[in-house]
Amino acid sequence: MMQKPPTATTNCLLSVEKMSKQLGSSILFSDLDLQLNRAETLAITGESGAGKSTLLHIMATLESPDAGEILIDGINPYTLKERQRSLLRCQKIGLVFQAFYLLPHLSAKQNIALPWLLSGLDPNTDRIENLLERTGMTHRADAKPGQLSGGEQQRVAIARALALNPPLILADEPTGNLDAKHAAGILDLLLEETSLNGQALVMVTHSDKAAQRMQRTLRLESGRLTPQT
Ligand SMILES: Nc1ncnc2c1ncn2[C@@H]1O[C@H](COP(=O)(O)OP(=O)(O)O)[C@@H](O)[C@H]1O
Ligand SMILES: [Mg+2]
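Just remember that the numbering used here sits 762 ahead of the position in the sequence shown, which is counted from 1.
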């Protein structure tokens, strides 16, 4: 299997080249290109149904494109076997969704420990304590998701995404289920943490205000990404 060598020495973290994807009879993307640098922050906007979530899932190695090449740190996840791909996902990518997706029967702390368990590693308890502290969730460490507010659940989801310090954080409308006050706090947290750790952040958002806080904004429309100023 031919793979480009890891590009730790280059500034490019994620590269999408000539990517195409069809869902049912509709062509969602055709020859889509996107380059993302290390530590870059990027907003993706667009109408509902434009394909933003699908694009994010493709970047997240969760949904394969029909054609084209995706490289994450120089590795094409879709040439890997499922087990290798899931390990790559654990190491390189942290995911945050609008609907939080915490496991309901596990405590906040146990949810944050999942990335270690999924990677076959022992959870790093010092790091988990630190993540709880940084996300302001220490006092709720033993609470189950059902006992937490939406803002608190998203803090746990962010802590989980940051757990293994992956170079790429992907967030799909992370504040979509939150009121304005909690939304601002969650955005601050995401930007602070990714900037502190030198992580790249790709965030799908409907909010112009949120998009303006990112270094770059691309609008997805008719299967194309257009720079917004
Ligand atoms: N599994 C699927 N099969 C067929 N169509 C789908 C599937 N998933 C999403 N779609 C359609 O693809 C389009 C893009 O969906 P999505 O990526 O969720 O858009 P967005 O996140 O921008 O709202 C929508 O028209 C949606 O109905
Ligand atoms: Mg969506």
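For every residue, glycine included, the Cβ atom is placed at its ideal position computed from N, Cα and C. A quick note: this is a predicted structure, and the numbers were derived from the prediction, not measured.
| Item | Value |
| --- | --- |
| C-beta contact flag for F859 and D934 at 9 Å | yes |
| Residues near G912 by beta carbon distance below 7 Å, same chain, minus five either side | N939, L940, H944 |
| Rounded C-alpha distance that separates K871 from I948 | 18 Å |
| Neighbourhood of L849 by C-beta, 8 Å cutoff - its chain only, sequence neighbours within 5 removed | S881 |
| Buried/exposed call for A973, threshold 16 Cβ in 10 Å | buried |
| E935 CB to nearest heavy atom of ligand 2 below 8 Å | yes |
| Proximity below 9 Å, CB of L982 to CB of G808 | yes |
| S848 - containing alpha helix (DSSP H), residue span | 844-854 |
| Sequence-distant residues of its chain with Cβ nearer than 7 Å to T769 (five each side left out) | In this prediction, T769 has a pLDDT of 49, which is less than 50 and means its spatial position is unreliable; nothing more can be read from the coordinates. |
| Boundaries of the beta strand (DSSP E) in which Q797 is found, first to last residue | 788-799 |
| Any non-hydrogen atom of ligand 2 within 8 Å of S848 CB | no |
| DSSP-derived helix/strand/coil call for S881 | coil |
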